[in-house]
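Heads up: the structure comes next, in structure tokens.
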DNA sequence: CACTATACGGAACGATCGTTCCGTTTGTCA
DNA sequence: TGACAAACGGAACGATCGTTCCGTATAGTG
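Residue numbers (the numbering used here), protein chains in the order written: chain A, 51 to 261; chain B, 51 to 261.
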């Protein structure tokens with residue numbers, strides 16, 4: 051499984067036929083991306099496009115000249131971040147203590163997700179149908195993370211009856227609570243609770259059920 | 051702390067001046083409530099009002115004659131259910147094993163919430179500002195639940211560094227994951243994980259942090 | 001049966017939001 | 001500097017959704 055490469059942003063933007071964007075167009079494009087980063091980071095994908103345009107000091111028309119769709123703009127903001135997460139997960143698979151590596155990563159992910167609501171929405175969309183490329187990326191991330199999980203399970207540190215998808219659900223859930231309140235390090239603690247619950251040898255609660 | 055009493059639904063509806071609603075009005079009112087129960091239960095409060103009216107075989111105008119606002123209709127559906135939960139929590143405070151009583155209740159709550167999305171939305175709204183009476187009710191529930199929690203903490207079964215609000219966040223989070231998928235007993239398992247994480251003597255993860 | 005207060009239905013309104021369209025402005029290049 | 005393609009701005013469109021309004025239907029009553 052390979053993560054498809056994306057053009058590594060920035061630097062003068064080239065058109066398909068080797069010509070460059072006009073100077074004002076390049077400047078506006080960057081402004082729009084910065085504004086989107088800020089606005090979507092704060093309010094998530096539910097923020098109105100007009101707000102991004104206003105923040106960028108640009109008309110909506112201009113925004114749509116650069117990005118064919120709100121979703122495309124959102125992706126432009128978020129795909130790189132997702133790739134970074136995937137890379138980090140893949141790197142952690144080398145780490146010593148498999149169990150703690152897994153939990154550390156969950157914690158780190160939770161922190162970024164609480165800080166940047168666009169990331170949250172991108173990962174939360176993974177469950178939904180959606181046509182976005184963010185969903186694909188979220189799937190990759192899930193697979194990378196699942197390697198961490200499996201290693202932790204093999205090492206005997208993590209229970210094996212909870213799928214990676216379910217773990218993501220728990221972590222996202224812990225973070226979604228955080229989203230509406232006066233943020234602090236609450237998310238950290240809640241994810242800590244989730245991690246403790248994922249450890250082996252603690253299931254005194256009934257785990258089987260009738261029907 | 052007392053839970054304010056609500057008129058116990060059903061039976062011929064009386065107007066303020068001791069006169070009764072017309073027969074067709076009573077029939078429609080009931081139909082609307084049934085439809086709302088079904089529609090809001092399936093899609094949560096985000097379901098359009100028109101859908102409820104259609105399901106009830108009634109015009110929107112009629113719906114609004116009976117309930118001044120969508121929110122009022124939603125409340126009419128959900129407040130009783132919330133009161134039932136509160137009563138159940140208050141009853142469980144008598145139970146023998148404080149810790150298991152607490153966890154059992156969380157599990158039961160999770161089951162109802164995954165089954166009925168209107169309940170989920172009502173409880174999820176508790177964090178938000180909102181003006182709804184559902185929020186008040188959710189607060190009552192939280193207080194009742196906190197008594198269960200405190201008892202479990204005192205009994206030494208549950209960690210004391212997580213507030214009831216945070217526990218609710220975790221449980222809601224575990225359930226919100228469930229909402230989009232092919233439902234099974236996943237919620238049960240996830241809440242089980244959360245409960246295990248809430249038990250004492252398991253925090254090998256760092257719990258303090260700088261700043 | 002006739003009469004009227006009561007209730008009904010659904011078209012229409014207003015707000016929000018994504019997206020499109022087009023008249024105007026501006027960067028670029030000869 | 002003049003001309004034109006490129007880009008801009010923002011009004012306007014269409015869809016969704018909560019809510020209102022008013023002409024019509026009907027239950028209740030004598």
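Every residue gets a Cβ at the ideal spot worked out from N, C-alpha and C, and that includes glycine.
The segment 174-188 of chain B contacting the segment 234-254 of chain B, beta-carbon criterion three pairs below 8 Å: Taking 8 Å as the limit for Cβ pairs, the verdict is that the segment 234-254 of chain B does not touch the segment 174-188 of chain B.
Neighbour flag for residue 90 of chain A against chain B, beta carbons, 9 Å: Position 40 of the first chain holds residue 90 of chain A. Cβ-Cβ to chain B under 9 Å: no for residue 90 of chain A.
Cutoff 9 Å: residue 218 of chain A Cβ touching any chain B Cβ: Within the first chain, numbered from 1, the residue matching residue 218 of chain A stands at position 168. It does; some Cβ of chain B falls within 9 Å.
Under the three-state DSSP convention, the category residue 128 of chain B falls into: The residue labelled residue 128 of chain B in the question sits at position 78 within the second chain. In the structure shown, residue 128 of chain B sits in a helix (DSSP, three-state: H, G or I).
Whole-angstrom distance between residue 196 of chain A and residue 249 of chain A, CA atom to CA atom: Numbered from 1 along the first chain, position 199 holds the residue referred to as residue 249 of chain A. Numbered from 1 along the first chain, position 146 holds the residue referred to as residue 196 of chain A. Spanning the alpha carbons of residue 249 of chain A and residue 196 of chain A requires a straight line of approximately 15 Å.
Counted within 10 angstroms of its Cβ, other Cβ atoms place residue 111 of chain B as buried (16 or more) or exposed: Your numbering for residue 111 of chain B matches position 61 in the second chain. Burial call: exposed.
Span of the alpha helix (DSSP H), counted from its first residue to its last, around residue 161 of chain B: For the purposes of this step, residue 161 of chain B is identified with residue 111 of the second chain, where counting begins at 1. Segment 148-165, the alpha helix (DSSP H) holding residue 161 of chain B.
Cutoff 6 Å; reference residue 118 of chain B; Cβ partners in own chain excluding five residues on either side: Along the second chain, one-based indexing puts residue 118 of chain B at 68. Setting aside the 5 residues that flank it on each side, residue 118 of chain B has no residue in the same chain whose C-beta is closer than 6 Å to its C-beta.
Proximal residues of chain A, C-beta to C-beta of residue 248 of chain B below 9 Å: As a first step, residue 248 of chain B is located in the second chain; it is residue number 198 there, counting from the start. Listed along the chain, the chain A residues whose CB falls inside 9 Å of the CB of residue 248 of chain B are 243, 246 and 247.
For residue 82 of chain B, the first and last residue of its enclosing alpha helix (DSSP H): Translated into positions along the second chain, residue 82 of chain B becomes position 32. In the DSSP assignment, residue 82 of chain B falls within the alpha helix (DSSP H) that extends over 73-93.
Proximal residues of chain B, C-beta to C-beta of residue 224 of chain A below 8 Å: Position 174 of the first chain holds residue 224 of chain A. By Cβ distance, chain B contributes 219, 220 and 223.
Element boundaries [alpha helix (DSSP H), containing residue 192 of chain B]: Locating residue 192 of chain B in the second chain gives position 142, where the first residue counts as 1. From DSSP, the alpha helix (DSSP H) with residue 192 of chain B extends over 183-204.
Rounded Cβ spacing between residue 283 of chain A and residue 210 of chain A (contact assumed at less than 8 Å): Because chain A here runs from 51 to 261, residue 283 of chain A falls outside it and cannot be looked at.
Reduced DSSP secondary structure (H/G/I, E/B, other) of residue 69 of chain B: Here residue 69 of chain B is taken as the residue at index 19 of the second chain, counted from 1. In this structure, residue 69 of chain B counts as coil in the three-state DSSP scheme.
Residue 213 of chain B to residue 220 of chain B span [Cα, whole Å]: Taking the second chain and counting its residues from 1, one reaches residue 213 of chain B at position 163. Taking the second chain and counting its residues from 1, one reaches residue 220 of chain B at position 170. Cα to Cα, residue 213 of chain B sits roughly 11 Å from residue 220 of chain B.
Cα-Cα separation between residue 97 of chain A and residue 224 of chain B, rounded to whole angstroms: As a position in the first chain, residue 97 of chain A is number 47, starting the count at 1. As a position in the second chain, residue 224 of chain B is number 174, starting the count at 1. The alpha-carbon atoms of residue 97 of chain A and residue 224 of chain B are separated by roughly 25 Å.
Run of the alpha helix (DSSP H) containing residue 210 of chain B, from where it starts to where it stops: Along the second chain, one-based indexing puts residue 210 of chain B at 160. Neither: residue 210 of chain B is in no alpha helix (DSSP H) and is coded neither H nor E.
Contact list for residue 158 of chain A against chain B, beta-carbon separation under 9 Å: Position 108 of the first chain, counted from the first residue, corresponds to residue 158 of chain A. Neighbours of residue 158 of chain A on chain B: none; closest Cβ ~13 Å, over 9 Å.
CA-to-CA distance, residue 158 of chain B to residue 122 of chain B, given in whole angstroms: For this step, residue 122 of chain B is matched to residue 72 along the second chain. For this step, residue 158 of chain B is matched to residue 108 along the second chain. Roughly 26 Å separates the two Cα atoms.
Residue interval of the alpha helix (DSSP H) (run including residue 104 of chain A): Along the first chain, one-based indexing puts residue 104 of chain A at 54. Here the alpha helix (DSSP H) through residue 104 of chain A covers 99-106.
Supposed close pair residue 104 of chain B, residue 182 of chain B - CB separation, criterion 8 Å: The residue you call residue 104 of chain B lines up with position 54 of the second chain. The residue you call residue 182 of chain B lines up with position 132 of the second chain. About 24 Å; that fails the 8 Å criterion.
Cutoff 9 Å: residue 198 of chain B Cβ touching any chain A Cβ: Taking the second chain and counting its residues from 1, one reaches residue 198 of chain B at position 148. Not an interface residue.
Exposure label - residue 134 of chain A; buried when at least 16 CB within 10 Å: By one-based count along the first chain, residue 134 of chain A stands at place 84. Residue 134 of chain A counts as exposed, since fewer than 16 other C-beta atoms from the protein chains shown sit within 10 angstroms of its C-beta.
Chain B contact residues for residue 211 of chain A, given Cβ-Cβ distances below 8 Å: Counted from its first residue, the first chain places residue 211 of chain A at position 161. Residues of chain B whose Cβ lies closer than 8 Å to the Cβ of residue 211 of chain A are, in chain order, 239.
Separation of residue 208 of chain A from residue 151 of chain A, as counted between CA atoms: For this step, residue 151 of chain A is matched to residue 101 along the first chain. For this step, residue 208 of chain A is matched to residue 158 along the first chain. Between residue 151 of chain A and residue 208 of chain A, the C-alpha separation is close to 11 Å.
Whole-angstrom C-beta distance between residue 91 of chain B and residue 168 of chain B, which should lie under 8 Å: The count along the second chain starts at 1 and reaches residue 168 of chain B at position 118. The count along the second chain starts at 1 and reaches residue 91 of chain B at position 41. The Cβ separation is near 5 Å, so the contact holds.
Proximity of residue 201 of chain B and residue 244 of chain B at Cβ, strictly below 9 Å: Position 151 of the second chain, counted from the first residue, corresponds to residue 201 of chain B. Position 194 of the second chain, counted from the first residue, corresponds to residue 244 of chain B. No. Outside cutoff.
Span of the alpha helix (DSSP H) around residue 246 of chain B: As a first step, residue 246 of chain B is located in the second chain; it is residue number 196 there, counting from the start. For residue 246 of chain B, the enclosing alpha helix (DSSP H) starts and ends at 236-248.
Integer-rounded CB distance, given that residue 191 of chain B should sit under 8 Å from residue 139 of chain B: Mapped onto the second chain, residue 139 of chain B falls at position 89. Mapped onto the second chain, residue 191 of chain B falls at position 141. Contact flag correct, Cβ pair sits at about 7 Å.
Residue 111 of chain B - containing alpha helix (DSSP H), residue span: On the second chain, residue 111 of chain B is found 61 positions in, with the first residue counted as 1. Residue 111 of chain B -> alpha helix (DSSP H) spans 110-116.
Collapsed DSSP secondary structure at residue 251 of chain B in the structure displayed: Start at 1 with the first residue of the second chain, and residue 251 of chain B comes out as number 201. Residue 251 of chain B sits in coil when the DSSP states are folded into three classes, being neither helix nor strand.
Cross-chain neighbours of residue 236 of chain B in chain A, by beta carbon under 7 Å: Counted from its first residue, the second chain places residue 236 of chain B at position 186. Simply 216.
C-alpha gap between residue 187 of chain A and residue 108 of chain B, whole angstroms: Here residue 187 of chain A is taken as the residue at index 137 of the first chain, counted from 1. Here residue 108 of chain B is taken as the residue at index 58 of the second chain, counted from 1. C-alpha of residue 187 of chain A to C-alpha of residue 108 of chain B: approximately 45 Å in a straight line.
For residue 184 of chain B, the nearest candidate out of B:116, B:83, B:132 and B:71 (CA to CA): Against the second chain, residue 184 of chain B aligns to sequence position 134. If we check each option's Cα against that of residue 184 of chain B, B:132 comes out closest.
is_contact[residue 170 of chain A, chain B] using C-beta, thresh 9 Å: Start at 1 with the first residue of the first chain, and residue 170 of chain A comes out as number 120. Chain B places no beta carbon closer than 9 Å to that of residue 170 of chain A, leaving this residue out of the contacts.
Pairwise C-alpha distance: residue 199 of chain A and residue 205 of chain B: Taking the first residue of the second chain as 1, we reach residue 205 of chain B at position 155. Taking the first residue of the first chain as 1, we reach residue 199 of chain A at position 149. Cα-Cα distance, rounded: 33 Å.
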